[in-house]
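Visitor: Here the protein sequences line up with chains V and C, keeping their order. For the first sequence, the UniProt record's numbering begins at 1 and goes up steadily by one. For the second sequence, the UniProt record's numbering begins at 1 and goes up steadily by one. Heads up, the beta-carbon is just placed ideally off N, CA and C, and yes, glycines get one too. Since we're looking at a predicted model, the values are computed, not measured.
There are 2 protein chains.
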Amino acid sequence: MLATMMDRPLLVSSLLWRAENVFPERVNVSCDGDVDVDFTYRELGVQARRLGGALQGLGVESGTRVASLAWNTLRHLAAYYAVPGIGAILHTVNHRMSPEHIAYTMQKAQDEVLLVDADLLPLVAPVMSEIPLLRHVVILGDGAVRDEGSGLPESVTVWWFDELVRDSEPLAEFPEFDETTAAAICFTSGTTGLPKGVVYSHRSIVLHAMAIIAAGGVAVDGSKAYLLGTQMSHVLSWGVPYAGPLQGARLILPGPHPSPDEYLRIVTEQAPDVFVGAPAVVALMRERYEADPEQYDLSSLTTLWLGGQVPPAGLVKWWAERGAVSVNGWGMTETSPMGTFSHTADSQGRPLPLFEIRIVDDEGQAVSWDGEASGELQVRSPWVTGTYLHDERSAESFDDGWLKSGDVATVDPGGQVQIRDRAKDLIKSGGEWISSVDLENALTLHPAVLDAAVIAVPHETWQERPVAWVQVSSEVGDEELRDYLAARVPKFWTPDAFVRVEAIPRTSVGKLDKVRMRREWRDA
Amino acid sequence: MLATMMDRPLLVSSLLWRAENVFPERVNVSCDGDVDVDFTYRELGVQARRLGGALQGLGVESGTRVASLAWNTLRHLAAYYAVPGIGAILHTVNHRMSPEHIAYTMQKAQDEVLLVDADLLPLVAPVMSEIPLLRHVVILGDGAVRDEGSGLPESVTVWWFDELVRDSEPLAEFPEFDETTAAAICFTSGTTGLPKGVVYSHRSIVLHAMAIIAAGGVAVDGSKAYLLGTQMSHVLSWGVPYAGPLQGARLILPGPHPSPDEYLRIVTEQAPDVFVGAPAVVALMRERYEADPEQYDLSSLTTLWLGGQVPPAGLVKWWAERGAVSVNGWGMTETSPMGTFSHTADSQGRPLPLFEIRIVDDEGQAVSWDGEASGELQVRSPWVTGTYLHDERSAESFDDGWLKSGDVATVDPGGQVQIRDRAKDLIKSGGEWISSVDLENALTLHPAVLDAAVIAVPHETWQERPVAWVQVSSEVGDEELRDYLAARVPKFWTPDAFVRVEAIPRTSVGKLDKVRMRREWRDA
Chain V
1 MLATMMDRPL LVSSLLWRAE NVFPERVNVS CDGDVDVDFT YRELGVQARR
51 LGGALQGLGV ESGTRVASLA WNTLRHLAAY YAVPGIGAIL HTVNHRMSPE
101 HIAYTMQKAQ DEVLLVDADL LPLVAPVMSE IPLLRHVVIL GDGAVRDEGS
151 GLPESVTVWW FDELVRDSEP LAEFPEFDET TAAAICFTSG TTGLPKGVVY
201 SHRSIVLHAM AIIAAGGVAV DGSKAYLLGT QMSHVLSWGV PYAGPLQGAR
251 LILPGPHPSP DEYLRIVTEQ APDVFVGAPA VVALMRERYE ADPEQYDLSS
301 LTTLWLGGQV PPAGLVKWWA ERGAVSVNGW GMTETSPMGT FSHTADSQGR
351 PLPLFEIRIV DDEGQAVSWD GEASGELQVR SPWVTGTYLH DERSAESFDD
401 GWLKSGDVAT VDPGGQVQIR DRAKDLIKSG GEWISSVDLE NALTLHPAVL
451 DAAVIAVPHE TWQERPVAWV QVSSEVGDEE LRDYLAARVP KFWTPDAFVR
501 VEAIPRTSVG KLDKVRMRRE WRDA
Chain C
1 MLATMMDRPL LVSSLLWRAE NVFPERVNVS CDGDVDVDFT YRELGVQARR
51 LGGALQGLGV ESGTRVASLA WNTLRHLAAY YAVPGIGAIL HTVNHRMSPE
101 HIAYTMQKAQ DEVLLVDADL LPLVAPVMSE IPLLRHVVIL GDGAVRDEGS
151 GLPESVTVWW FDELVRDSEP LAEFPEFDET TAAAICFTSG TTGLPKGVVY
201 SHRSIVLHAM AIIAAGGVAV DGSKAYLLGT QMSHVLSWGV PYAGPLQGAR
251 LILPGPHPSP DEYLRIVTEQ APDVFVGAPA VVALMRERYE ADPEQYDLSS
301 LTTLWLGGQV PPAGLVKWWA ERGAVSVNGW GMTETSPMGT FSHTADSQGR
351 PLPLFEIRIV DDEGQAVSWD GEASGELQVR SPWVTGTYLH DERSAESFDD
401 GWLKSGDVAT VDPGGQVQIR DRAKDLIKSG GEWISSVDLE NALTLHPAVL
451 DAAVIAVPHE TWQERPVAWV QVSSEVGDEE LRDYLAARVP KFWTPDAFVR
501 VEAIPRTSVG KLDKVRMRRE WRDA
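1. At which residues does the beta strand (DSSP E) containing SER436 of chain V begin and terminate?
2. Please classify VAL27 of chain V: is it buried, with 16 or more other beta-carbons within 10 angstroms of its beta-carbon, or exposed?
3. Roughly how many angstroms separate the alpha carbons of LEU377 of chain V and GLY308 of chain V, rounded to a whole number?
4. Do three or more CB pairs link the region 349 to 368 of chain V to the region 285 to 293 of chain V at distances below 8 Å?
5. Between the region 359 to 385 of chain C and chain V, which residues of the former have a C-beta closer than 8 Å to a C-beta of the latter?
6. If we require 3 or more residues per run, which beta strand (DSSP E) segments fall completely within the region 198 to 267 of chain C?
7. Sort C:VAL281, C:LEU114, C:VAL198 by Cα distance to SER155 of chain C and report the nearest one.
8. Can you tell me which residues form a DSSP beta bridge with LYS428 of chain C?
9. Which residues in chain C sit within 7 Å of LEU389 of chain V, going by Cβ to Cβ distance?
10. Are the Cβ atoms of THR302 of chain V and GLY323 of chain V separated by less than 8 Å?
11. Is there a C-beta anywhere in chain V that falls below 8 Å from the one on TYR200 of chain C?
12. For THR40 of chain C, which residues from the same chain have a beta carbon less than 8 Å from its beta carbon, with the 5 sequence-adjacent residues on both sides left out?
13. Assign LYS108 of chain V to buried or exposed, taking buried as 16 or more other Cβ atoms, counted over all protein chains shown, within 10 Å of its Cβ.
14. Decide if the region 220 to 231 of chain V is in contact with the region 272 to 285 of chain V; the criterion is three or more beta carbon pairs, one per stretch, under 8 Å apart.
15. How would you list, in chain order, the residues of chain V whose beta-carbon sits under 7 Å from the beta-carbon of THR180 of chain C?
16. Hey, how far is the Cα of MET332 of chain V from the Cα of THR181 of chain C?
17. Is the separation between the beta-carbon of SER336 of chain C and that of LEU306 of chain C shorter than 8 Å?
18. Cβ of LEU55 of chain C within 8 Å of Cβ of ALA78 of chain C?
19. Rounded to the nearest angstrom, what separates GLU169 of chain V and ALA88 of chain C at their Cα positions?
20. Along the beta strand (DSSP E) that carries TRP159 of chain C, what are the first and last residues, could you check?
21. Can you list, in chain order, the residues of its chain whose CB lies under 6 Å from that of ALA442 of chain V, leaving out five sequence neighbours each side?
22. Using a 10 Å radius around the Cβ and a threshold of 16 neighbouring Cβ atoms, would you call ARG8 of chain V buried or exposed?
23. Which two residues bound the contiguous beta strand (DSSP E) that contains ASN28 of chain V?
24. For the region 63 to 77 of chain C against the region 247 to 258 of chain C, do three or more pairs of beta-carbon atoms, one drawn from each stretch, fall closer than 8 Å, so that the two count as touching?
25. Within 10 Å of its beta-carbon, does VAL208 of chain C have 16 or more other beta-carbons around it, so buried, or fewer, so exposed?
26. For THR410 of chain C and GLU356 of chain C, which I take to be in contact (beta-carbon distance under 8 Å), what is that distance rounded to the nearest angstrom?
27. Under 9 Å, CB to CB, which of the residues in the region 9 to 30 of chain V have a partner in chain C?
28. Starting from ILE102 of chain V and walking both ways along the alpha helix (DSSP H), at which residues does that stretch end?
29. What in chain V is Cβ-close to VAL66 of chain C, meaning under 7 Å?
30. Roughly how many whole angstroms lie between the Cα atoms of THR387 of chain V and TRP402 of chain V?
31. Less than 8 Å separating the beta-carbons of VAL360 of chain C and GLY375 of chain C?
32. So which residues on chain V does GLN247 of chain C lean against when the C-beta distance must stay under 8 Å?
33. Can you confirm whether PRO170 of chain C, when its beta carbon is compared against all beta carbons of chain V, has any partner nearer than 8 Å?
34. Mind pulling the chain C residues with CB within less than 7 Å of ILE89 of chain V?
35. Can you tell me whether ALA456 of chain V sits near the ligand SAM, meaning its C-beta is under 7 Å from at least one heavy atom of the ligand?
36. Taking the alpha-carbon positions, what's the TRP17 of chain V to GLY414 of chain V distance?
Have a look at this one:
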């Protein structure tokens, strides 16, 4: 017997349907540098359907790869719907990558069209001739400054976004097709080796959106305003550009190269409930705020939705004292990215609905969820990648259908995940394990420590020993740091040395760059 | 380019995975008549996997139809997971149907196994020989009373649920298969003609669960306790037996033939946050409570989640004064059932995520969402049926891929649906439309009116005129009712007559039985 249910595909356009029809008057804002531009979801819908028609006019078809190298703006948001909406594939290029990696990922994705913010054009212009299929460059502006497009290879035609969209008839509706159709591409930003491509489907994007609107979890909700401090150029900005409109939430897009001061201005003027972003960003906002507390108003913020790294405990405390609770999740580019979610910052929380996890020990056995037994976190879900785009490294990344995260974790009997370390960041000293994450957390609790990172360095007697890198706000001696840690972690965890730095080295997506730290330590 | 995402099916067993693993210790309760039986989600999981193994032992395979004729209990809940879990199909037989309709639906579904509560056995025993494929009858009890199974046809083998489950090894895990596999069957309970079969898929059940856990809507949530006053024998009890465990919510199952007094006892002792059920049930609870207010404690209830009919305004007000807000949705057996949801009782609210609606006028044109233009509500979604099970009436029920609901509605610019009437219940008087729903709502606002229904009766001059049926708590004259209405609805809406009844006729699922009222009026 066959089920009698309608065969309705899960498409990105079905998310936009609800925004346009159910929440047409919800007012959002795109902070485009000089001016804050309000827009409703009705306007977003029109813009997306105009852009869809314009792209079809440029020859974009089902399966065509359209790259974006762009900030968090209304124009970029329109592309989030228009490109997958017409069956094409949006490759969000991470603007924090090197030009070499940008060229590599655009070759690998086979991009034919590039949507690019004028100020990011210099990142890609020098390598544009190395992207063989690229035919059209659409500058995300109104064409007021025509020479922005000069100096590009003759193989590409230059267009201005606003002109293209203005001259285009909006599509009456987006086409329907199979939900497993590719919708977007994002590349990982591994600290070693070349980036790896992950291709999201319409199905994975829609199911991820459904998971992050679920009550009791992230719960993206129409009653709230979200300041999108995580870049739309990476991991689809954690899915908020899809879940927000679906729910009629107010989106506040911070625009080009947002500085900590600009974020503080936007918080003050646009009064978001939730800041979405990396701990490193809210750490900088704290610094700037403290330099001039009279200038800004943080009172609207109730929630900091943090990810990408474990937020330092001292930072969490500072914001909590100002009314903003830090919530926290676990995820990767490979997991769209949300996999688990916690209402506190000291745990990665529970798996979202339809997201399955297991902890596997060194012998390949699943361990019990007792809060003690640790092993590699492995995950599977309709929004987890099952391979990498034409990449030989795929073979080593999966175990019997589960993605190997590379993170070491425990799970307690209530399903709460605790990341203990990256597998490769664990420190083995005298036969015992030392958690660099726990050491980093303990260090950042010290009032003078703004940021910290701990790496393992080789040691003759103990095999490995921890060394701490610290960014401090005021003078503090090694002895004081040692005493401070002694009250919080086992004695043998005390780092052998403290390296003072102006800023902790981080990767293009804000993760600790331990590869670089190890190299610098070795070279020094 | 193909997406790289894992091909993970949406299966009922993936809902149970989260309940068992993430919320193993959540304590639920099954009020089984004499005794309230606590159970955790870990125990539910074991029970479901034991039952799955036991059914396989009886020869149940992928696609086998397993009927249930049962109350809201732990045993029935285990079947909700075990039967679809092993790839078989659960046909929930509506115990409010006549024996003839029960036989008809079990023939149509081709049921081979029947899970039945002992006290419901007499409903099906007389017609059991008319169900040709039926081989096994499993009585939902411990076998203490052996003669419960006597007198059944020799063609069936009788088993006792608790013995079967106790003697069965739990399945290590449920198998995986395609998500479009049929999972459950429910028949509509139309007031005219034979019931029509709807076959839900694993996909539709999972997506419906994801929609009713979304923040801002129904938002079934792990922090709350739900008293399930809507029967598991119809429309999968609005999906709560799936969404609740998925979220770790506490389920309170009221057990066999719950009376209004039993509901009040359970509310008092088990302290649910939410009552889920029909307005008719909370109307009876109100009556019983008022007869003896000292005996019961309603203070835990914050929400009445009502459906099946528009809740009378007077009833909503009474409960609100006692701290319980009535929320409201729109749906049908054909829509799994939830389609829209409102935080108030005076509107059907907004479409859930992934649920699309349109309003179509008599000329077949979609009308605008201005709160004024009305027409038939048509819907489509992955959890809306696209046909009926081997039924010739399918042809007339759909319009270009949309389900024709038969309800007349308006939608306001904020996406709020307002059901104006059943298409066939609208009253056309002197060329103008009269809404029976609005008249019923206005009548139930009168303090003495407990329940009301309005039908159209033929009229020589005006074509049709309204006649009201009222159930009153104290003496009230026609003149007073007319005056009361005059202040609330247009003068020409005033019913030509008021019929006093002990109870308004309702169908097996609690909807107004206007067919019967029209017949009785004609006969009188």
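Guide: Taking the coordinates as given:
1. To locate residue 436 of chain V, count along the first sequence from 1; it is residue 436. No beta strand (DSSP E) contains SER436 of chain V, which is instead part of the alpha helix (DSSP H) from 436 to 444.
2. To locate residue 27 of chain V, count along the first sequence from 1; it is residue 27. Counting Cβ neighbours within 10 Å, VAL27 of chain V comes out exposed, since fewer than 16 surround it.
3. Looking up residue 377 of chain V in the first sequence gives position 377. Looking up residue 308 of chain V in the first sequence gives position 308. Distance between the alpha carbons of LEU377 of chain V and GLY308 of chain V: 16 Å.
4. no
5. The residues in question are TRP369, ARG380, SER381, PRO382, TRP383, VAL384, THR385.
6. Those beta strand (DSSP E) runs which fall completely within the region 198 to 267 of chain C and span 3+ residues are 225 to 228, 250 to 253.
7. In the second sequence, residue 155 of chain C corresponds to position 155, counting from 1. For SER155 of chain C, the nearest C-alpha among the options comes from C:LEU114.
8. Counting from 1 along the second sequence, the entry for residue 428 of chain C is found at position 428. DSSP, once it has assigned bridges, lists C:TRP433 as partnering LYS428 of chain C.
9. Here residue 389 of chain V refers to the residue found at position 389 when the first sequence is read from its first residue. Those are THR4, listed as they occur along chain C.
10. For this step, residue 302 of chain V is matched to residue 302 along the first sequence. For this step, residue 323 of chain V is matched to residue 323 along the first sequence. Cβ atoms of THR302 of chain V and GLY323 of chain V: closer than 8 Å.
11. Against the second sequence, residue 200 of chain C aligns to sequence position 200. Interface residue, yes.
12. Counting from 1 along the second sequence, the entry for residue 40 of chain C is found at position 40. Correct list, in chain order: PRO24, GLU25, ARG26, VAL27, ASN28.
13. As a first step, residue 108 of chain V is located in the first sequence; it is residue number 108 there, counting from the start. Under this definition LYS108 of chain V is a buried residue.
14. yes
15. In the second sequence, counting from the first residue as 1, residue 180 of chain C sits at position 180. The contacting residues are ALA3.
16. The residue you call residue 332 of chain V lines up with position 332 of the first sequence. The residue you call residue 181 of chain C lines up with position 181 of the second sequence. Taking the straight line from one Cα to the other gives about 31 Å.
17. Translated into the one-based positions of the second sequence, residue 336 of chain C becomes position 336. Translated into the one-based positions of the second sequence, residue 306 of chain C becomes position 306. Not closer than 8 Å, so no.
18. Indexing the second sequence from 1 puts residue 55 of chain C at position 55. Indexing the second sequence from 1 puts residue 78 of chain C at position 78. Not in contact: LEU55 of chain C and ALA78 of chain C (Cβ atoms no closer than 8 Å).
19. Translated into the one-based positions of the first sequence, residue 169 of chain V becomes position 169. Translated into the one-based positions of the second sequence, residue 88 of chain C becomes position 88. Approximately 50 Å between the Cα atoms of the pair.
20. Translated into positions along the second sequence, residue 159 of chain C becomes position 159. Run containing TRP159 of chain C: 157 to 160, per the beta strand (DSSP E) assignment.
21. Reading the first sequence from its first residue, position 442 is the one you call residue 442 of chain V. Around ALA442 of chain V: LEU485, ARG488, VAL489.
22. If you number the first sequence from 1, residue 8 of chain V lands on position 8. Buried, by the Cβ-count rule.
23. Locating residue 28 of chain V in the first sequence gives position 28, where the first residue counts as 1. Run containing ASN28 of chain V: 27 to 32, per the beta strand (DSSP E) assignment.
24. yes
25. Here the question's residue 208 of chain C lines up with position 208 in the second sequence. According to the sequence provided, residue 208 of chain C is His. The question's Val does not apply to it. Its Cβ being crowded by 16 or more others within 10 Å, HIS208 of chain C is buried.
26. The residue given as residue 410 of chain C occupies position 410 in the second sequence. The residue given as residue 356 of chain C occupies position 356 in the second sequence. Between GLU356 of chain C and THR410 of chain C the Cβ distance is about 17 Å, and since that is not below 8 Å, they are no contact.
27. Legend: CB atoms of the region 9 to 30 of chain V lying less than 9 Å from CB atoms of chain C belong to residues PRO9, LEU10, SER14, LEU15, TRP17, ARG18, ASN21, VAL22, PHE23, PRO24, GLU25.
28. For the purposes of this step, residue 102 of chain V is taken as the residue at position 102 of the first sequence. Per DSSP, the continuous alpha helix (DSSP H) segment holding ILE102 of chain V begins and ends at 99 to 109.
29. Translated into the one-based positions of the second sequence, residue 66 of chain C becomes position 66. Ordered by position in chain V, no residue passes the 7 Å Cβ test against VAL66 of chain C, which lies about 12 Å from the chain.
30. As a first step, residue 387 of chain V must be located in the first sequence, where it is residue number 387. As a first step, residue 402 of chain V must be located in the first sequence, where it is residue number 402. If I take the Cα positions, the gap works out to 10 Å.
31. If you number the second sequence from 1, residue 360 of chain C lands on position 360. If you number the second sequence from 1, residue 375 of chain C lands on position 375. Contact: yes.
32. Working through the second sequence from its first residue, we reach residue 247 of chain C at position 247. The contacting residues are ALA214, ALA215, GLY216, PRO353.
33. Here the question's residue 170 of chain C lines up with position 170 in the second sequence. Not an interface residue.
34. Position 89 of the first sequence, counting from 1, holds the residue named residue 89 of chain V. Identification of chain C residues near ILE89 of chain V by a Cβ-Cβ cut-off of 7 Å yields MET1, ordered along the chain.
35. For the ligand SAM, the structure offers nothing, since it holds no ligand at all.
36. On the first sequence, residue 17 of chain V is found 17 positions in, with the first residue counted as 1. On the first sequence, residue 414 of chain V is found 414 positions in, with the first residue counted as 1. Their Cα atoms are separated by approximately 37 Å.
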